[in-house]
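A short write-up of the structure that comes next.
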Amino acid sequence: MRKTTRWAVAGVGAVAVFGAVAVVAVGGSERARAADGELAAGVSASPFDTDSPAVGKLDPALLAALRTAATDAKAQGIELRITSGWRSRGYQQRLLDAAVAKHGSPELARRYVNTPEKSAHVSGKAVDVGPTDADDWLNRKGAKYGLCQVYANEMWHFELLTTPGGRCPSQLPDAAG
């Protein structure tokens, strides 16, 4: 049975949390936000939900690895969900702007959010996973699928950084590198 994401309207003043960054929705239509790769507050997507641009615009190799991992995780009682995937440049910039407002400087914000030019989310080569038990499972078993946690301060952020069964590179301390 195919699972689809139910889009919820975030609305003006609603707060969505992405990792360590809270984002305040300041308008714009639900459809426009979804087209940017934004998932509504409190909504995650299945790796099989390609109707969502956050999933459907992921790099095909990353998406295939995620789907295989999600299938194996489910067999072990773990539901792997995508909390953030592909993002438009504009959406990535809004996340960075919100992080600067929250942390008080671009330097501190960059520990949690990359620029649109450097973000692997913008190219569809990064995905944030949840809930916590799925993060933990993927941290322990991800290399089997080529999926690696990139940043030590973001247990939810994964990229395809090794061949399946290979060894993941050392984690960077944070998004600033």
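For the sequence shown, my numbering begins at 10 and goes up steadily by one. We put the CB at the ideal spot given by N, CA and C, even for glycine. In this text, all values refer to a predicted model and were calculated from it rather than measured experimentally.
I'd like the list of long-range same chain contacts for residue i, defined as Cβ closer than 6 Å, with 5 residues on each side in sequence excluded.
i    : result
K150 : none
L75  : P56
I87  : D142, A143, W146
D183 : R120, Y160, N162
A82  : L89, W146
G65  : T59
Using CA atoms only, rank isn't needed, just tell me which of the options is closest to residue i.
i    : options              : result
D45  : S97, Q158, A152      : S97
Y154 : R40, G174, D68, E39  : G174
L67  : A79, E168, G186, L89 : E168
S61  : W95, A129, L170      : W95
E126 : A152, G99, G139, V64 : G99
T124 : A107, P140, G139     : A107
E47  : L71, G133, P140      : G133
I believe residue i touches residue j by the beta-carbon criterion, under 8 Å. Please report the beta-carbon distance rounded to the nearest angstrom.
i    : j    : result
D137 : S93  : 4 Å
V122 : L104 : 5 Å
Q158 : S128 : Q158 to S128, Cβ: 16 Å. No contact.
I91  : A54  : 5 Å
A78  : L156 : 6 Å
A135 : H166 : 6 Å
Enumerate in chain order the residues of its own chain whose CB-to-CB distance from residue i is below 8 Å, with the five nearest sequence positions on each side excluded.
i    : result
S179 : none
N148 : Q158, M164
L181 : V159, Y160, A161
R176 : A152
T80  : none
Distance cutoff 8 Å, beta carbons only. Does residue i sit that close to anything in chain C?
i   : result
A44 : Judged by its chain identifiers, the structure shown contains no chain C, having just a single protein chain.
Using a Cβ-Cβ cutoff of less than 7 Å, which residues in the same chain neighbour residue i once the five nearest sequence positions on both sides are dropped?
i   : result
A41 : none
Quick one: complete beta strand (DSSP E) runs, 3+ long, within the region 36-78? Taken in chain order, the whole beta strand (DSSP E) runs of length 3 or more contained in the region 36-78 number zero.
What runs of the beta strand (DSSP E), each 3 residues or longer, lie entirely inside the region 134-177? 135-139, 156-158, 166-169
Write down every uninterrupted run of the beta strand (DSSP E) in the region 86-130 whose length is 3 residues or greater and which is fully enclosed by it, in chain order. 90-93
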